Amino acid sequence: MAVELTVNGEHRTVDALSDTPLLWVLRDDLGLTGTKYSCGIGECGACTVHLDGQPVAACQVSLSRAAGRSVTTIEGLAGDDGGPHPVQAAWVAENVPQCGFCQSGQIMTATAFLAHTPDPDDAAIDAALSGNLCRCGTYQRVRRAVRRAAATMQEAK
Amino acid sequence: MGVETANNQRTRVSRRAFLKAGALAGGGLLLGLRLPPTDGTADAAGADGNAPEADTAFAPNAWVRIDTDDQVTVLVDRSEMGQGVMTALPMLVCEELEADWARIGTRFAPADEAYANRLLGSQITGGSTAIRNAWQPLREAGAAARTMLVAAAAQRWGVSAETCRVEKQVVRHPESGRSAPFGDLAAAAAEQPVPDSVALKDPAAFTLIGTPTDRLDAPPKVDGSARFGMDVQLPGLLTAQVVRCPVLGGSVASFDASAAEAVPGVRHVVEIDSGVAVIADGYWPAWKGREALDVQWDYGPHAGLSSDAIAQQFRRDADAGKAATARDDGDTAAALENASKTVEAEYEVPFLAHACMEPMNCTARLTDDGVEVWVPTQNQTASQEAAAEVAGVPKEKAHVHTTYLGGGFGRRSHTDFVRDAVACARAAGAPVKVIWTRADTTRHDRFRPATYNRLAAAVGDGTVKGWRHHIVGPSIKANNDMLGGEAVDSSSVDGAKDLPYGVGNVHIAYTMSNTPVPLWWWRSVGNSQNGFIREAFFDEAARAAGRDPYELRRELLADQPRYRGVLERAAEAAGWGAGPRHGDARGIALMKSFGSYCAEVAEVSVTPDGRVRVHRVDVAIDCGPVVNPDTVTQQMESGVVYGLSAAFDEAVTVRRGQVEQTNFDNYAILRMDQMPEVHVHMVASDSSPGGVGEPGTPPIAPAVANAILAATGEPVRRLPLTRAGFRPA
Numbered sequence: 134m135a136v137e138l139t140v141n142g143e144h145r146t147v148d149a150l151s152d153t154p155l156l157w158v159l160r161d162d163l164g165l166t167g168t169k170y171s172c173g174i175g176e177c178g179a180c181t182v183h184l185d186g187q188p189v190a191a192c193q194v195s196l197s198r199a200a201g202r203s204v205t206t207i208e209g210l211a212g213d214d215g216g217p218h219p220v221q222a223a224w225v226a227e228n229v230p231q232c233g234f235c236q237s238g239q240i241m242t243a244t245a246f247l248a249h250t251p252d253p254d255d256a257a258i259d260a261a262l263s264g265n266l267c268r269c270g271t272y273q274r275v276r277r278a279v280r281r282a283a284a285t286m287q288e289a290k
Numbered sequence: 213m214g215v216e217t218a219n220n221q222r223t224r225v226s227r228r229a230f231l232k233a234g235a236l237a238g239g240g241l242l243l244g245l246r247l248p249p250t251d252g253t254a255d256a257a258g259a260d261g262n263a264p265e266a267d268t269a270f271a272p273n274a275w276v277r278i279d280t281d282d283q284v285t286v287l288v289d290r291s292e293m294g295q296g297v298m299t300a301l302p303m304l305v306c307e308e309l310e311a312d313w314a315r316i317g318t319r320f321a322p323a324d325e326a327y328a329n330r331l332l333g334s335q336i337t338g339g340s341t342a343i344r345n346a347w348q349p350l351r352e353a354g355a356a357a358r359t360m361l362v363a364a365a366a367q368r369w370g371v372s373a374e375t376c377r378v379e380k381q382v383v384r385h386p387e388s389g390r391s392a393p394f395g396d397l398a399a400a401a402a403e404q405p406v407p408d409s410v411a412l413k414d415p416a417a418f419t420l421i422g423t424p425t426d427r428l429d430a431p432p433k434v435d436g437s438a439r440f441g442m443d444v445q446l447p448g449l450l451t452a453q454v455v456r457c458p459v460l461g462g463s464v465a466s467f468d469a470s471a472a473e474a475v476p477g478v479r480h481v482v483e484i485d486s487g488v489a490v491i492a493d494g495y496w497p498a499w500k501g502r503e504a505l506d507v508q509w510d511y512g513p514h515a516g517l518s519s520d521a522i523a524q525q526f527r528r529d530a531d532a533g534k535a536a537t538a539r540d541d542g543d544t545a546a547a548l549e550n551a552s553k554t555v556e557a558e559y560e561v562p563f564l565a566h567a568c569m570e571p572m573n574c575t576a577r578l579t580d581d582g583v584e585v586w587v588p589t590q591n592q593t594a595s596q597e598a599a600a601e602v603a604g605v606p607k608e609k610a611h612v613h614t615t616y617l618g619g620g621f622g623r624r625s626h627t628d629f630v631r632d633a634v635a636c637a638r639a640a641g642a643p644v645k646v647i648w649t650r651a652d653t654t655r656h657d658r659f660r661p662a663t664y665n666r667l668a669a670a671v672g673d674g675t676v677k678g679w680r681h682h683i684v685g686p687s688i689k690a691n692n693d694m695l696g697g698e699a700v701d702s703s704s705v706d707g708a709k710d711l712p713y714g715v716g717n718v719h720i721a722y723t724m725s726n727t728p729v730p731l732w733w734w735r736s737v738g739n740s741q742n743g744f745i746r747e748a749f750f751d752e753a754a755r756a757a758g759r760d761p762y763e764l765r766r767e768l769l770a771d772q773p774r775y776r777g778v779l780e781r782a783a784e785a786a787g788w789g790a791g792p793r794h795g796d797a798r799g800i801a802l803m804k805s806f807g808s809y810c811a812e813v814a815e816v817s818v819t820p821d822g823r824v825r826v827h828r829v830d831v832a833i834d835c836g837p838v839v840n841p842d843t844v845t846q847q848m849e850s851g852v853v854y855g856l857s858a859a860f861d862e863a864v865t866v867r868r869g870q871v872e873q874t875n876f877d878n879y880a881i882l883r884m885d886q887m888p889e890v891h892v893h894m895v896a897s898d899s900s901p902g903g904v905g906e907p908g909t910p911p912i913a914p915a916v917a918n919a920i921l922a923a924t925g926e927p928v929r930r931l932p933l934t935r936a937g938f939r940p941a
């Protein structure tokens, strides 16, 4: 089934089984491997992308449901100048990643969160990011990076 | 910083080692001059993101490559699984080479004997050995390359090498004002003899080692460009899933592939050693094919196995009295007999899964005369051997491309996923990526052993005078046919046998009680369970002796300065002895493992209905010389989370021969809203380097258990806490 959708601002046509999860459309059909598979049941957040601006677990969204909609992945997060998003810059500044496998999902959740909560307190950060599992234990640095990104983005306004 | 800086530490360099590692001067090269490929298929991009020149002008040893365009590249021979080797190992080389850190490039090394881990015997990343192994050779490799570059410059300019200086990969002759970058000297340096000995810097002169340094792998890990095993792409690549028998030790009796083969996109359905492989155009058709597949299993002899039966077996074997003695100091029986008070307890810990965020996977491609694998592995040597064996080619025809690892924790030193991939590629006649689902990864993990323990302490005069610990549980080595004739698997008693307290009478015994549950090394191995048991029981004994557990530890570590150093530092940082800052109570514990000393204090609150929250953890670590302080901090934070996660809610259980846990909904790992503040304090020492990947894990479970004991008066003798009547708050 040929399905049309917008991925990172580009119009794409995908021919795949209609029940294929968006995760595997991105990874196998479009070659966008920055979005990670880890649990496949929406428990870990590793495959978080933005669907029309909202964070979703790409393993839980079928291709047919994504039809005609706009998807942003970690590869599409950089600014128009190609520079890193302030959240990505904050992640590097805090040396957040260890193995790094969960970080695309952490960052996609954090960017969506900060878009509507520009000045979060710690409890709000924890609540927003507790759906993103990290086995290396980078949570403390994720908190710091979210705070740093929030400050940077506030300054830029 | 010049080459002649403080060279009071002259070190013999093994010429044989350099030649073995492929020195140009030797004529014959074990390693080619070409760097590992960076075609985007597998090998991680270098930190600078630039592809290297195809031919390397100067390859003085296995680790250093310098091109005519002045690019310095360090080959990283350990696997990057989050622990920071991709930054720390190049720091060692760069410090002595005097390369410009801002421009350093890195590549993952291929499988080659030149990269054998001297502490483990083959090319393997584990046992917290990366820095311990590399500390001397990688600095020597950098120094040797620098010496050859300087010799080339001196020869070109007709001056003595001693009058030259090196800074940021430029060789200068101050007297004449001449200078040349490494790139201009690379070809000439390749003609210089490899030095028989090199001078290493005095540590006081280090400019990079010991300085907090940003991770080189952070940028590609925040923009999606870092290539993990899961991300490998090749022309014509197929994706496979392998359906394994759900019962431990079972096998395929028969299968009907017709429904699976009818799924669009499914190419092959074949039996391989580990089960039935569904090979398809992508993950989703492979999944749908697998769902449609009809397999009849031969459940084998373990179809009735359960966790309850295993627990009963441990007790039966404990009662049988057959135990091997691992340590016997003084007369523990008499000490217990004569004690004014004895404390006795039983402790139990469960099987645990590694639960790497990246599920197990491997990609394989058969070539005309060999096989290539792209794999997130901790064990290049074993991967190479496994790939060669399954492909039916000689070892030297099996090429291993190491990708980034989405977590390792010991799991990825096994090769079951490598065997799957090569078997599928053979069957399909095409390159195949095998992806284990999360359920496959959890149920068919190889687990941290469960154990049952009986302990007794002799208490009197306000101290502990005798200590008995009897461990009953399966042996990792026996489970993997690695035991030989030993009665005690050393990893079963690690952390118990090396009780550091000066209690005089110590008896440590081990009864091997094997089960069909597959076992493997899990971060900190035996220390992970024995640390909890030993340190938690110590607090029970201290309580019986009427002593503060910190003060009694200090007293019984009177002649153990490194233990005392971390104990005191952690206690001081946590405000031990003062009223609670966070929560209800503090708990302290310490362990030495993998060459490093680590003490942790946990500040914990417990509600009357058993809800536990860990507010803050202070970690004191003495790991000898520190290469990258930020790496040490990260690894302590990581070790605490890994251990705390297990302590809270991790357990693998077996019912009807099957592992019951499948995914993060029933094998719950720590989430961000349970994350304590972690503060890391480094205790300086000038001893030899210790590891940091594992030592942060063992002390956290007992520190939390001891805080719960302090808060409630009730000991925690069983993990996880959720099976001991507690819940995470």
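Keeping their order, the protein sequence lines are chains A and B. Here my numbering = 1-based position in the first sequence + 133. Here my numbering = 1-based position in the second sequence + 212. For every residue, glycine included, the Cβ atom is placed at its ideal position computed from N, Cα and C. Because the structure is a prediction, the values reported are computed rather than measured.
Checklist entry - Which value, in whole angstroms, describes the spacing of the CA atoms of residue 347 (chain B) and residue 475 (chain B)? => result Computed Cα separation, rounded: 54 Å.
Checklist entry - Closest by CA to residue 317 (chain B), which one among B:745, B:925, B:658, B:277? => result If we check each option's Cα against that of residue 317 (chain B), B:277 comes out closest.
Checklist entry - For chain A, is any of its Cβ atoms less than 8 Å away from the one on residue 940 (chain B)? => result Taking Cβ atoms only, chain A never reaches closer than 8 Å to residue 940 (chain B), which makes this a no.
Next on the checklist: Please state whether the Cβ-Cβ distance between residue 962 (chain B) and residue 339 (chain B) is less than 8 Å.
Outcome noted: Lying before the first or after the last residue shown, residue 962 (chain B) is absent from chain B, which here runs from 213 to 941.
Checklist entry - Thinking just about the alpha-carbon of each residue, which of A:184, A:217, A:174 is nearest to the one in residue 206 (chain A)? => result When A:184, A:217, A:174 are compared, the shortest CA-CA separation from residue 206 (chain A) is found for A:184.
Item to check | Listed by chain order, chain B residues near residue 228 (chain A) by CB distance under 8 Å | outcome: Result: 426, 427, 430, 842, 846.
Checklist entry - Are the region 623-632 of chain B and the region 571-585 of chain B touching, with three or more C-beta to C-beta distances below 8 Å? => result Yes: at least three Cβ pairs fall under 8 Å.
Checklist entry - If we ignore side chains and look at the alpha-carbon of each, how far apart do residue 867 (chain B) and residue 521 (chain B) end up? => result Between residue 867 (chain B) and residue 521 (chain B), the alpha-carbon positions lie close to 9 Å from each other.
Item to check | Minimum Cβ-Cβ distance from residue 177 (chain A) to chain B less than 8 Å | outcome: Interface flag for residue 177 (chain A) against chain B is set, since a Cβ pair is found closer than 8 Å.
Checklist entry - If you draw a straight line from the alpha carbon of residue 933 (chain B) to that of residue 861 (chain B), how long is it in whole angstroms? => result Taking the straight line from one Cα to the other gives about 6 Å.
Item to check | Range covered by the beta strand (DSSP E) that runs through residue 827 (chain B) | outcome: Going by DSSP, residue 827 (chain B) is part of the beta strand (DSSP E) stretching over 823-834.
Checklist entry - By the criterion of Cβ-Cβ separation under 8 Å, what are the contact partners of residue 790 (chain B) in chain A? => result Correct list: empty, because the minimum Cβ distance to chain A is about 24 Å.
Checklist entry - Cα separation between residue 284 (chain A) and residue 842 (chain B)? => result Cα to Cα, the separation comes out at about 23 Å.
Next on the checklist: On the CB-based measure, 16 or more other CB atoms within 10 Å of its CB, does residue 335 (chain B) come out buried or exposed?
Outcome noted: Residue environment analysis places residue 335 (chain B) among the buried positions, since at least 16 neighbouring C-beta atoms fall within 10 angstroms of its C-beta.
Next on the checklist: Can you list, in chain order, the residues of its chain with a C-beta nearer than 6 Å to that of residue 101 (chain A)? Leave out the 5 residues immediately preceding and following it.
Outcome noted: The requested residue 101 (chain A) does not occur in the structure, where chain A is confined to residues 134 to 290.
Checklist entry - Would you call the CB atoms of residue 441 (chain B) and residue 586 (chain B) closer than 8 Å? => result With a cutoff of 8 Å on beta-carbon distance, residue 441 (chain B) and residue 586 (chain B) are scored as near each other.
Item to check | Against chain A: residues of the region 443-468 of chain B by CB proximity under 9 Å | outcome: Residues of the region 443-468 of chain B with a Cβ closer than 9 Å to any Cβ of chain A, in chain order: 443, 444, 445, 451.
Item to check | Identity of the residues DSSP links to residue 320 (chain B) by a beta bridge | outcome: B:288, per the DSSP bridge assignment.
Checklist entry - Does the beta carbon of residue 140 (chain A) come closer than 8 Å to any beta carbon on chain B? => result Judged by the 8 Å Cβ criterion, residue 140 (chain A) is not in contact with chain B.
Checklist entry - For residue 887 (chain B), which three-state DSSP category applies? => result Residue state, collapsed to three classes: coil.
Item to check | Partners in chain A for residue 440 (chain B), counting only beta-carbon separations shorter than 7 Å | outcome: Scanning chain A for C-beta atoms nearer than 7 Å to the C-beta of residue 440 (chain B) yields 234, reported in chain order.
Item to check | Stretch-stretch touch, CB-based, cutoff 8 Å, three pairs: the region 460-471 of chain B with the region 668-675 of chain B | outcome: No, because fewer than three Cβ pairs between the region 460-471 of chain B and the region 668-675 of chain B fall closer than 8 Å, the two stretches do not touch.
Next on the checklist: Helix, strand or coil for residue 851 (chain B)? Go by DSSP, reduced to three states.
Outcome noted: In the structure shown, the three-state DSSP call for residue 851 (chain B) is helix.
Checklist entry - Excluding five sequence neighbours on each side, which residues of the same chain lie with their C-beta closer than 6 Å to the C-beta of residue 261 (chain B)? => result At residue 261 (chain B), the pLDDT of 32 sits below 50, so the modelled position is not reliable and the matter cannot be decided from this model.
Checklist entry - Is residue 493 (chain B) helix, strand or coil when you go by DSSP? => result If DSSP states are grouped into helix, strand and coil, residue 493 (chain B) belongs with coil.
Checklist entry - How is residue 610 (chain B) classed by DSSP in three states: helix, strand or coil? => result Correct three-state label for residue 610 (chain B): strand.
Checklist entry - By the criterion of Cβ-Cβ separation under 8 Å, what are the contact partners of residue 571 (chain B) in chain A? => result Per Cβ cutoff of 8 Å: 170, 171.
Item to check | Residues bridged to residue 487 (chain B) [DSSP beta-bridge criterion] | outcome: Residue 487 (chain B) pairs with B:484.
Item to check | Residue environment, residue 374 (chain B), which counts as buried when at least 16 other CB atoms sit within 10 Å | outcome: When all chains shown are included, residue 374 (chain B) counts as exposed.
Next on the checklist: If contacts are defined as beta-carbon pairs under 8 Å, then residue 307 (chain B) and residue 394 (chain B) qualify, I think. What distance do you get, rounded to the angstrom?
Outcome noted: Residue 307 (chain B) to residue 394 (chain B), Cβ: 15 Å. No contact.
Checklist entry - Between residue 148 (chain A) and residue 913 (chain B), what straight-line distance do the alpha-carbon atoms span, to the nearest angstrom? => result Rounded to the nearest angstrom, the two C-alpha atoms are 50 Å apart.
Checklist entry - Considering residue 650 (chain B), what are the terminal residues of the alpha helix (DSSP H) in which it resides? => result Start and end: 650-655.
Checklist entry - What does residue 563 (chain B) pair with, by DSSP beta-bridge criteria? => result Paired residue(s): B:864.
Checklist entry - If you run the structure through DSSP and keep just helix, strand and coil, what is residue 788 (chain B)? => result Three-state DSSP puts residue 788 (chain B) in coil, outside helix and strand.
Checklist entry - In or out: residue 416 (chain B) buried (at least 16 other Cβ within 10 Å) or exposed? => result Answer is exposed; the Cβ neighbour count stays below 16.
Item to check | For residue 675 (chain B), the first and last residue of its enclosing beta strand (DSSP E) | outcome: Residue 675 (chain B) -> beta strand (DSSP E) spans 675-685.
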